[in-house]
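A quick write-up on the structure given underneath.
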Amino acid sequence: MNAAGNTTLPTKPPRNWWLWAIVLGFLTAMTVWSGYGIGFSANELVCNIAGGSRLLEESWPPDFSFLPRLIDPFMETVYIAIVGTVVGGILSIPVAVLAARNLSPDKVTWFLDRNFMNILRTLPDLFWAMLFATAVGFGPVAGALALSVFTVAVISKLWSESLESIDMGLPEAVRSAGGSWLQMIQFSAIPQAMQHYVSYALYAFELNIRASLVLGLVGAGGIGMILETQRANFEYERVTLIILAVLVAVLIIEQISETIRRRLT
Amino acid sequence: MNAPNPHVLDPTKKPGSIVGFGTMTTFIIAALFVIALIMIEFSPLKMIQVPGQVAEVLSFFWPVDMAYGWDNVLPAIIESIQIAWIGTIIAAILSLPLALLGARTLFPRIARIVKFISATARAFPEILLAIYFVPIVGLGPFAGALAIGISSVGMLTKLGAEVVESIDFGTVEAVEATGGSRIMALRYAVVPQVLPEIIAHWLFRFELNIRASAVLGVVGAGGVGGVLLNTLRYRHFEKAAAVLILTIIVVLLIDMISGEIRRKIIKG
């Protein structure tokens, strides 16, 4: 470093120590508070490892003789995901269009729809499943309805952002040629963002497959219902089998969806 | 983001077959949809009933039992937030080194293994992990935090590795050219460049984890999900309404704060 004796190094930008201290303090406080709140203890973890290893022994090897009984519930899961994605995908089109700042007809509609969308997004999929299971009774229909709502929340959020980034020249051209608002949306806005829509719809389908696996935990149909009964009976070899089967199926479906997406875009 | 190309009309292009790819796909999807509807016994008759049934349940939601909300629901929501926080912290600490190792541009060979592990971790929904953690560490929020932490590691590693792969490599070369080691290059060239974006991903994951931790109560892993399940099961709809309202408000608030911080961090 002696070679640099005569040259002066540029001064380092000053650090905002106060801000750092506050941020670090907040992070530490939050972590300690949460750690206490949830009863985080390494002690307990070590003590329970014994029980845990017994569980792992019990859950291995998976009970493959149970596999044939999984086919029907798994297909039900796929059906639920299909219905949820299609219904939600159709409903999300108007929601997304009205939530795009550049396309929404007026500020009030935009504001209302935007907030409607955000509120839909706050509740997780299983909450919707519990609500619909209570309203329409246990079974796959409740699951399909829950996933429809969930799909609207996912697609409309993402797609409204794509719609906001479209080239506004075309919609203006349609308008100035005397087209109505609906014609503008139909012939200039939606075609521009169609590729995005398709890829978001496929993404939503993947999410829905995953979500519909666990819907059964709250009685909304699909493979989760079998999972719940086996779990309640501590048949952990079967639980392992179900989870492994689900994993393989999800990976396969994701591969298919990925291939379609690449072909379309 | 560049706008997609508008459709180009080419008069020399030959007309394709009458039933194009798009139409075909639409028909296939429609057919699958109808089959699925039949299989889950979602008849038109039922479809007409649904709005009525939903409205009926919603009508029981009033008046909202806010006293129950403040006494029982708010603590459960706070517990959900704590679960999500600890889960995110676990995931953040584990995923930072993994994200560096998982970057193709830095460690070509290790990256492949790391990416495979993170893909496997991502395939499990949190709630399935929680099913395993509950018997291991006992019923309660700790199991939930572990499940959330493990399942977030996969996604944060993937996103983090993508951020590292997208950086300007000039600074790394500069550090190594002046005699710095690989570790020093990571410390002085890579980490400062990627940290803002990675922190933004952590915050975003925290938002997602709040939703995930809210449902973990269903399998007994703590948080507000168990409260909702019980209130609905015993048909205490006024109490369930309190759960929903408080959850919506708290999640909206956290999303707003976290979104604002993310925007600030990314702008620098």
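Keeping their order, the protein sequence lines are chains A and B. Each residue of the first sequence is one higher than the one before, counting from 726 in the numbering used here. Each residue of the second sequence is one higher than the one before, counting from 2 in the numbering used here. Virtual Cβ for every residue (Gly too), placed ideally from N, Cα, C. Bear in mind that the values here come from a model prediction, so they are computed numbers and not experimental data.
Along the region 135 to 161 of chain B, the positions whose C-beta sits under 8 Å from a C-beta of chain A are P136, I137, V138, G139, G141, P142, F143, G145 and A146, read in chain order. For B:A112, same chain residues with a beta-carbon under 8 Å away, outside a window of 5 residues either side, are L102, G103, A104, R105 and A162 in chain order.
Contact between B:A131 and B:A144 holds: their C-beta atoms lie close to 6 Å from each other, under 8 Å.
Under the DSSP assignment, A:L845 falls in the alpha helix (DSSP H) whose first and last residues are K832 to T847. With a 10 Å radius around the Cβ and a threshold of 16 neighbouring Cβ atoms, A:P738 comes out exposed. A distance below 7 Å between beta-carbons, with the five flanking residues on each side excluded, links A:R846 to the following residues of its chain, in chain order: A878 and K882. By the C-beta criterion, the region 30 to 49 of chain B is judged to be in contact with the region 807 to 822 of chain A, since at least 3 inter-stretch pairs fall below 8 Å. Excluding residues up to 5 positions away in sequence, P787 lie with their Cβ nearer than 7 Å to the Cβ of A:L969 in the same chain.
The Cβ atoms of A:L895 and A:S913 sit closer than 8 Å to each other.
With a cutoff of 8 Å on beta-carbon distance, A:G946 and A:G862 are scored as not near each other. Per DSSP, A:T733 lies in no alpha helix (DSSP H) and is assigned neither H nor E.
Excluding five sequence positions before and after B:L75, the CB atoms of its chain that fall closer than 8 Å to its own CB belong to L247, given in chain order. In this chain, A:R794 is not harboured by any alpha helix (DSSP H), its DSSP state being neither H nor E. Residues of the region 856 to 872 of chain A with a C-beta less than 9 Å from any C-beta of chain B: L856, F857, A858, T859, A860, V861, G862, G864, P865, V866, G868, A869 and L870, listed in chain order.
The C-alpha of A:V874 is placed about 17 Å away from the C-alpha of B:F34. Assignment of alpha helix (DSSP H) within the region 161 to 202 of chain B, counting only whole runs of 4 or more residues, yields 171 to 178 and 183 to 186 in chain order. Put simply, of B:G181, B:S60 and B:A146 the residue whose alpha carbon is nearest the alpha carbon of B:S81 is B:A146.
A:E782 and B:V135 have their C-alpha atoms spaced approximately 16 Å apart.
For B:W63, there are no neighbours in chain A by C-beta distance under 8 Å, as the nearest C-beta there is about 15 Å away.
Here the region 817 to 832 of chain A does not lie against the region 200 to 211 of chain B, with fewer than 3 beta-carbon pairs under 8 Å apart. If the five residues before and after B:V173 are omitted, its C-beta is found closer than 6 Å to the C-beta atoms of A186 and A190, all from its own chain and listed in chain order. The C-beta distance from A:I763 to B:Q83 rounds to 5 Å, short enough to meet the 8 Å contact threshold. Among the residues facing chain A, B:M40 is included, as its CB has a counterpart in that chain under 8 Å away.
A direct Cα-Cα distance of roughly 20 Å separates A:R779 from A:E953. For B:G226, the C-beta contacts it makes with chain A under 7 Å involve L851, in order along the chain. With fewer than three CB-CB distances shorter than 8 Å, the region 937 to 944 of chain A does not count as touching the region 85 to 92 of chain B.
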